[in-house]
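Below is one structure; the comments refer to it alone.
In our numbering, the protein residues as written are 11 to 299.
Spelled out as structure tokens, the structure:
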């Protein structure tokens, strides 16, 4: 701090008074790099702040009142490396993610309530049936995901597969693939832990694997399945469909035979909220007694 600006420097007490921040908060923001003092007096260690830092301090205080983590506050105010969006968009993007997390928590409570109250009228009812599926060639990508990254990661993977199939002959008719895609769960995906999930696009015709894409054959199988409307495909609502399929398998004295899966058979933009959108399916075999 130059000699001419030192006259306007604010002590930590004066800066705290003007910004409404406590000494403890200011020390925390200093340690985190969010709001370091303009100067630290080498003779006594006193922190001195510049008047120009008041606006930043007040903004940090407001964002912290939203329970925004310190690391996120830094990204919102200063922007992530290479980011071109403004602070307004960064705040709104973070807030939208918070609202989505709140929706999930609220609906998890609703789900638990409906499980405890088996007569809950809001609990969706699913008709479960069985079907035979033939041996099918698929292009697949497997990723480790948790609940928060599942949809974006697998949707991106599905788009990568479709681009590869189109480039392999889908545009010329030598290779055929449709709207169907499967999300096969090879482990339990939760908000706290990752598990492998495989997205598969069925196709016919010639296609080569890539560094990311596997070409394999899904064996013929019998599946117990429930049809799920588009609005019910969101987590945790879709858990009701999984529960219905699991009850059917148990009551029919069947045994799961392979990982469960979600089979999407129409485009997101073309389906209404109440239109059939996916199957929740479980490959099965009969228990031999």
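Glycine residues also receive a C-beta, built at the ideal position from the N, C-alpha and C atoms.
Span separating the alpha-carbon of residue i from that of residue j
| i | j | result |
| --- | --- | --- |
| residue 208 | residue 228 | 12 Å |
| residue 85 | residue 76 | 15 Å |
| residue 74 | residue 81 | 11 Å |
| residue 137 | residue 212 | 26 Å |
| residue 33 | residue 19 | 16 Å |
| residue 161 | residue 243 | 11 Å |
| residue 215 | residue 184 | 6 Å |
| residue 65 | residue 27 | 13 Å |
| residue 79 | residue 115 | 19 Å |
| residue 223 | residue 175 | 10 Å |
| residue 41 | residue 117 | 38 Å |
| residue 51 | residue 22 | 12 Å |
| residue 172 | residue 280 | 18 Å |
| residue 237 | residue 252 | 11 Å |
Beta-carbon contacts of residue i that lie in its chain and below 7 Å, excluding the five residues immediately before and after
| i | result |
| --- | --- |
| residue 39 | 45 and 70 |
| residue 63 | 45 and 48 |
| residue 285 | 239 and 240 |
| residue 189 | 275, 276 and 277 |
| residue 101 | 86 |
Assigned exposure category for residue i - 16 Cβ within 10 Å defines buried
| i | result |
| --- | --- |
| residue 29 | buried |
| residue 278 | exposed |
| residue 186 | exposed |
| residue 151 | buried |
| residue 36 | buried |
| residue 296 | exposed |
| residue 169 | exposed |
Sequence-distant residues of the same chain with beta carbon closer than 8 Å to residue i, five excluded per side
| i | result |
| --- | --- |
| residue 121 | 246, 247, 249 and 250 |
| residue 148 | 192, 210, 211, 212, 213, 225, 226, 227 and 228 |
| residue 198 | 205 |
Same chain only: Cβ atoms within 6 Å of residue i, ignoring 5 sequence neighbours per side
| i | result |
| --- | --- |
| residue 270 | 195 and 292 |
| residue 309 | The question about residue 309 has no answer, for the chain in this structure spans 11 to 299. |
| residue 163 | 153 and 155 |
| residue 268 | 293 |
| residue 266 | 292 |
Inter-residue CB distance, residue i and residue j (contact presumed, cutoff 8 Å)
| i | j | result |
| --- | --- | --- |
| residue 234 | residue 145 | Not a contact, Cβ separation roughly 19 Å. |
| residue 10 | residue 201 | Since the displayed the chain opens at 11 and closes at 299, residue 10 lies outside it and no answer follows. |
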